[in-house]
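Undergrad:
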Amino acid sequence: MPFSKKTGLLGLLVVVLLALVLLASGPDEAQLNLPGIPAVDRDSVTRLTFSKAGQTTIIERSTDGWMMLQPLQARADAPLVEALLATFSEEKPVDLRVDDANYETYGLDDNNGLTFEVFTEGDEPDISMVVGWDVPGGSTLVRFSGSEYIYRVRIGGRYRLDRRPTEWRNRTLLGIDPGVVETIAFTSQGARTAFRRVYLDSSADDASFRWSLVQDPRFPVDQVELGLLLDSICRMRASQVHAEDFGVGWDDPLVVLELSLADGSVHILKFVQDESSAGVGLVKVDGDPEVFQVPLRNFKSFTRPLSLLADRTIFSFSRAEMDTMALRVGEKSVKLKQDVGNGTWTVVEPVNQEVDIRRAIETASRLAALRADGVALDLDCHALGMDRPRLRVEVDLAGGSRKVLNVSGAVTTGDGGRVYYACRKDLSRVFVLTGSTLDELLWVFLAH
524 MPFSKKTGLL
534 GLLVVVLLAL
544 VLLASGPDEA
554 QLNLPGIPAV
564 DRDSVTRLTF
574 SKAGQTTIIE
584 RSTDGWMMLQ
594 PLQARADAPL
604 VEALLATFSE
614 EKPVDLRVDD
624 ANYETYGLDD
634 NNGLTFEVFT
644 EGDEPDISMV
654 VGWDVPGGST
664 LVRFSGSEYI
674 YRVRIGGRYR
684 LDRRPTEWRN
694 RTLLGIDPGV
704 VETIAFTSQG
714 ARTAFRRVYL
724 DSSADDASFR
734 WSLVQDPRFP
744 VDQVELGLLL
754 DSICRMRASQ
764 VHAEDFGVGW
774 DDPLVVLELS
784 LADGSVHILK
794 FVQDESSAGV
804 GLVKVDGDPE
814 VFQVPLRNFK
824 SFTRPLSLLA
834 DRTIFSFSRA
844 EMDTMALRVG
854 EKSVKLKQDV
864 GNGTWTVVEP
874 VNQEVDIRRA
884 IETASRLAAL
894 RADGVALDLD
904 CHALGMDRPR
914 LRVEVDLAGG
924 SRKVLNVSGA
934 VTTGDGGRVY
944 YACRKDLSRV
954 FVLTGSTLDE
964 LLWVFLAH
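Note that the sequence shown covers residues 524 to 971 in our numbering.
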């Protein structure tokens with residue numbers, strides 16, 4: 524049915540009014556054109572500046588890494604700097620425009636605001652902004668240089684930028700790859716202990732090696748334990764950095780640690796105890812003036828008896844290689860067999876017995892990489908009568924070989940605890956197992 528002219532005019536008026544309503548209720552134009560923090564290539568960054576209440580901290584990239592130039596000259600903490608740059612390696616879109624005044628309320632005034640700048644090339648910063656307070660939800664209030672507007676943006680929190688100059692100082696003692704260390708030497712109370720990397724086949728691509736005790740190449744060095752110790756040394760970080768005159772006893776340190784590297788260089792670390800604080804140690808590296816503060820336990824490991832670095836490896840093979848595992852106590856025995864197809868276990872002695880599959884798999888995994896709680900270097904398996912053990916654990920491998928571990932009865936220690944001696948059939952070394960280690964190992968057998 525055709526509309527009258529009057530009806531058409533009314534319809535047009537409704538459309539115009541509806542459009543006006545939609546425009547009036549639409550988003551604020553200022554919120555549609557929000558700026559963002561541009562991404563910067565962290566490898567291209569040359570300088571960072573942090574300014575607050577008239578004090579400026581400048582960190583600059585040099586051929587030796589990150590250096591602090593102001594307010595003091597020292598090596599900067601590279602991991603801390605790199606972690607911060609990673610935050611700005613991607614563009615940070617702004618969440619919301621908040622205000623254009625009341626800077627004090629938002630922590631953006633001259634007393635509270637932190638000016639942060641990132642430079643790559645030239646004298647003009649790629650990022651320049653004043654950072655204010657954090658707000659609920661994980662965002663931070665910022666004002667870009669040259670603008671009066673206050674924005675909300677996610678930059679990981681103000682605390683990552685707002686640090687005292689001393690907090691930007693390097694806290695990594697060495698920061699080297701453990702793979703480049705050729706010798707490790709500890710000197711404590713006049714006694715020197717050194718370990719040397721011995722390559723088994725230097726022509727091989729993987730250049731496999733073993734650590735050997737320089738003073739006694741026959742000593743069974745625990746490759747796992749020494750490797751962990753070396754790794755902790757190479758990656759050790761301080762909890763605090765002190766001035767060069769901090770601490771006493773540097774002329775007669777508790778421990779001197781020497782690391783000789785493949786390129787011929789040598790790192791020397793001197794450790795003393797902080798007499799002003801229990802449980803705290805102090806370290807100087809390569810004669811540099813900085814004094815690093817570390818937990819005392821970090822270098823107590825270097826003063827422990829050599830026996831604690833004796834090899835605690837009892838077994839080392841793949842769980843998939845295992846055919847059977849058995850516990851024999853006198854005339855009684857419990858034997859489990861693995862289904863190599865699905866990795867499950869069944870009891871074959873005594874017959875018609877059920878097994879906790881999960882626990883059997885855990886036991887097999889433990890046996891395949893079994894390590895003792897200690898080594899008794901002053902004891903001998905034969906003298907202990909370990910050819911007549913209290914119990915015996917046997918593992919038959921798919922290739923036909925058999926691994927045997929003989930275990931003694933409980934032995935009371937000087938502190939009232941109980942331990943068990945254990946010997947492998949093919950070794951004279953006496954291993955020490957705690958009661959809890961043995962209980963966990965035998966649980967799946969003793970349940971039958």
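Ideal placement from N, C-alpha and C gives every residue a C-beta, glycine not left out.
(1) Decide if Lys-926 is buried, meaning its Cβ has at least 16 other Cβ atoms within 10 Å, or exposed.
(2) Note down, in chain order, each residue of its chain lying with its Cβ closer than 8 Å to the Cβ of Gly-577, except the 5 sequence neighbours on either side.
(3) Report yes or no: do three or more beta-carbon pairs, one from the region 795 to 810 and one from the region 826 to 844, lie closer than 8 Å?
(4) Quick check: the Cα distance between Leu-907 and Gly-958, rounded to an integer number of angstroms?
(5) Could you tell me which of Val-747, Asn-625, Arg-687 sits nearest to Tyr-674, measuring between CA atoms?
(6) Could you tell me which residues DSSP pairs with Glu-583 in its beta bridges?
(7) Please name the residue or residues paired with Met-848 in a DSSP beta bridge.
(8) Cα separation between Gln-816 and Phe-769?
(9) DSSP state of Pro-818, grouped into three classes?
(10) Reducing DSSP to helix, strand and coil, say where Leu-608 ends up.
(11) Indicate the three-state DSSP secondary structure (helix, strand or coil) for Thr-836 in the structure shown.
(12) Going by the CB atoms, is the gap between Trp-868 and Gln-861 shorter than 8 Å?
(13) Which complete beta strand (DSSP E) runs does the region 737 to 807 hold, if anything under 3 residues is left out?
(14) How would you call Ala-714, buried or exposed, if buried means at least 16 neighbouring beta carbons within 10 angstroms?
(15) Could you check the C-alpha separation between Gly-655 and Thr-610 for me, to the nearest Å?
(16) Using the Cα positions of Val-863 and Val-916, report the straight-line distance between them to the nearest angstrom.
(17) Once you ignore the five residues that flank Pro-701 on each side, which residues in its own chain have a CB closer than 7 Å to its CB?
(18) Near Cys-904, what residues of its chain come up, given a Cβ to Cβ distance below 7 Å and the 5 sequence neighbours on each side ignored?
(19) What is the C-beta distance between Ala-562 and Glu-614, in whole angstroms, given that I count them as a contact (C-beta under 8 Å)?
(20) Classify Trp-966 as helix, strand or coil using the three-state DSSP reduction.
(21) Looking at the structure shown, is Pro-912 part of a helix, part of a strand, or coil, going by DSSP?
(22) Classify Ala-887 as buried or exposed, calling it buried when 16 or more other Cβ atoms lie within 10 Å of its own Cβ.
(23) Between the beta-carbon of Arg-760 and the beta-carbon of Arg-820, is there less than 8 Å?
TA: Working from what's here:
(1) buried
(2) none
(3) no
(4) 19 Å
(5) Asn-625
(6) Arg-570, Met-590
(7) Bridge partners of Met-848: Leu-859, Val-918.
(8) So the alpha carbons of these two residues sit roughly 10 Å apart.
(9) strand
(10) In this structure, Leu-608 counts as helix in the three-state DSSP scheme.
(11) strand
(12) In terms of Cβ geometry, Gln-861 and Trp-868 form a close pair [threshold 8 Å].
(13) 763 to 765, 778 to 784, 789 to 796
(14) exposed
(15) 17 Å
(16) Straight-line Cα distance between these residues: approximately 20 Å.
(17) Leu-753, Asp-754, Cys-757
(18) Sequence-distant partners of Cys-904 (beyond 5 residues in either direction) whose C-beta falls short of 7 Å from its own C-beta, in its chain, are Cys-946, Ser-951, Val-953.
(19) 4 Å
(20) helix
(21) coil
(22) buried
(23) no
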